[in-house]
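Residue numbers (the numbering used here): 58 to 137.
As structure tokens, then:
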């Protein structure tokens, strides 16, 4: 199975990963002075950045072309 990722989606994912990595590297942990980074904070920040960019840039919009048939509604409609 081949999964195609649009360039906009790939760019959004890449930006989220980079921001998460930066947060991980630059947040100190209080438990061990030798270790660095907060994994939960980095994952949360990356998720927020990805979600915000998808909402702002419209990465989830998929429109149907003339060749595609949209799904039919299952229900009865009465027209008079």
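We treat Cβ as the ideally placed atom computed from N, Cα and C, and that holds for glycine. These numbers were taken from a predicted model, which means no experiment stands behind them.
Can residue 74 and residue 103 be called in contact, C-beta distance under 8 Å? In the chain shown, counting from the first residue as 1, residue 74 sits at position 17. In the chain shown, counting from the first residue as 1, residue 103 sits at position 46. Cβ distance < 8 Å, so residue 74 and residue 103 count as in contact.
Rounded to whole angstroms, what's the CA-CA distance from residue 83 to residue 101? Just pull it up for me. By one-based count along the chain shown, residue 83 stands at place 26. By one-based count along the chain shown, residue 101 stands at place 44. So the two alpha carbons sit approximately 15 Å from each other.
Nearest by alpha-carbon distance to residue 76: which of 115, 64, 114, 108 is it? Start at 1 with the first residue of the chain shown, and residue 76 comes out as number 19. Of the listed residues, the one whose Cα sits closest to residue 76 is 108.
Exposed or buried, what is residue 67 when buried is set at 16 or more other beta-carbons lying within 10 Å of its beta-carbon? As a position in the chain shown, residue 67 is number 10, starting the count at 1. Residue 67 is exposed by the Cβ-count criterion.
Cutoff 8 Å; reference residue 114; Cβ partners in own chain excluding five residues on either side: By one-based count along the chain shown, residue 114 stands at place 57. These residues qualify, in order along the chain: 65, 69.
Rounding to the nearest angstrom, what Cα-Cα distance links residue 105 and residue 85 in this structure? Numbered from its first residue, the chain shown carries residue 105 at position 48. Numbered from its first residue, the chain shown carries residue 85 at position 28. Between residue 105 and residue 85, the C-alpha separation is close to 20 Å.
Candidates 110, 81, 111, of which the one nearest residue 99 by Cα: The residue you call residue 99 lines up with position 42 of the chain shown. Of the listed residues, the one whose Cα sits closest to residue 99 is 81.
For residue 64, the first and last residue of its enclosing alpha helix (DSSP H): As a position in the chain shown, residue 64 is number 7, starting the count at 1. First-last of the alpha helix (DSSP H) with residue 64: 64 to 83.
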